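Student:
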Amino acid sequence: MEAIWPALLIFALRITDVSIGTVRMLSAMRGRKYLASCLGLVESGIFIFAISSALKDATGNPYKMVGYAAGFATGTFIGMSLEGWIASGTILARIVTKTPGKALSTALHQAGFGMTSIDGAGHQEDVQLLFIVAPRRRGKELVSIVAELDPEAFMTIDRVSLARGGYFPNLVTQGTFRK
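Going by the working numbering, the first residue of the sequence shown is number 1, and it counts up by one from there.
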């Protein structure tokens, strides 16, 4: 039983440092350099402790290596789950609907989504194009409304690096552009 405790400690340390590392990389990609730097400091400290613990008498306690590898895999999963749960940032949704009238755009507007609507010509019929900039955390809600009201609608969603002005003037994302 004594051989298990160090392995469990290493497992917990790796979960922690890999989860922090995942969030750090995503923060860096979004231009949050101070947060990413602080997370990197904590992550590297935990990593050094974990790797030194894993390598100390590694051949005498193979559970340590299992704890190290399992902690890495679990930490990756948890880090990605945390990123999805945090859901920071802004998205741009492009919706092409063949449904006549304005039922979809009206429902989205009533749900609090601002949008730009453009009438267009599709391959076989007229279409309406909707462009919506929204907080990423509302992405599932947006997809749900569109799927419910127009299951045949074509939709793409992308992350936005900068959004300014428009229907929601307070929706300004922290861009990665230099001043």
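All C-beta atoms in this analysis are idealised placements derived from N, C-alpha and C, irrespective of residue type, glycine included. Keep in mind that this is a model prediction, so the values were computed, not measured.
When you compare the CB positions of A7 and K64, do they come within less than 8 angstroms of one another, or not?
Tutor: Yes, these two residues count as a Cβ contact at 8 angstroms.
Student: Straight-line CA distance for Q110 to L104?
Tutor: Taking the straight line joining both Cα atoms gives about 10 angstroms.
Student: Assign D119 to buried or exposed, taking buried as 16 or more other Cβ atoms, counted over all protein chains shown, within 10 Å of its Cβ.
Tutor: With fewer than 16 other Cβ atoms within 10 Å, it is exposed.
Student: Whole angstroms are fine: how far does the CA of W5 sit from the CA of C38?
Tutor: The straight-line gap from Cα to Cα measures roughly 29 angstroms.
Student: Candidates G122, T22, N61 and D158: which alpha carbon is nearest M80's?
Tutor: When each option's Cα is compared against that of M80, the closest is T22.
Student: On the criterion of 16 or more Cβ atoms from any shown chain inside 10 Å, does I48 qualify as buried, or is it exposed?
Tutor: It counts as exposed.
Student: Going by alpha carbons, who is nearest to A93 out of Q124, G71 and A134?
Tutor: Looking at the Cα atoms, A134 is the closest of the given residues.
Student: G112 by DSSP, collapsed to three states: which one?
Tutor: Three-state DSSP puts G112 in coil, outside helix and strand.
Student: In chain order, what residues of the same chain lie with their CB nearer than 7 angstroms to the CB of I10, ignoring the 5 residues before and after it?
Tutor: Result list for I10: A50, S53, A54, K64, G67, Y68 and G71, in chain order.
Student: DSSP on T106, reduced to helix/strand/coil?
Tutor: If DSSP states are grouped into helix, strand and coil, T106 belongs with the helices.
Student: Might you give, ordered along the chain, the residues of its own chain that have their beta carbon closer than 6 angstroms to the beta carbon of L129, omitting 5 neighbours on each side?
Tutor: These residues qualify, in order along the chain: V96, I118 and G120.
Student: On the DSSP bridge list, what partners appear for G120?
Tutor: DSSP lists V127 as partners of G120.
Student: Which of the three DSSP states is assigned to P135 in this structure?
Tutor: In this structure, P135 counts as strand in the three-state DSSP scheme.
Student: How should G75 be labelled, buried or exposed, when 16 other C-beta atoms within 10 angstroms of its C-beta is the threshold for buried?
Tutor: So G75 ends up on the buried side.
Student: Taking the CB atoms as reference points, tell me whether E148 and K98 lie closer together than 8 angstroms.
Tutor: The answer is no: Cβ separation not under 8 angstroms.
Student: Which stretch, first to last residue, makes up the alpha helix (DSSP H) that contains A28?
Tutor: I4 to M29 is the extent of the alpha helix (DSSP H) around A28.
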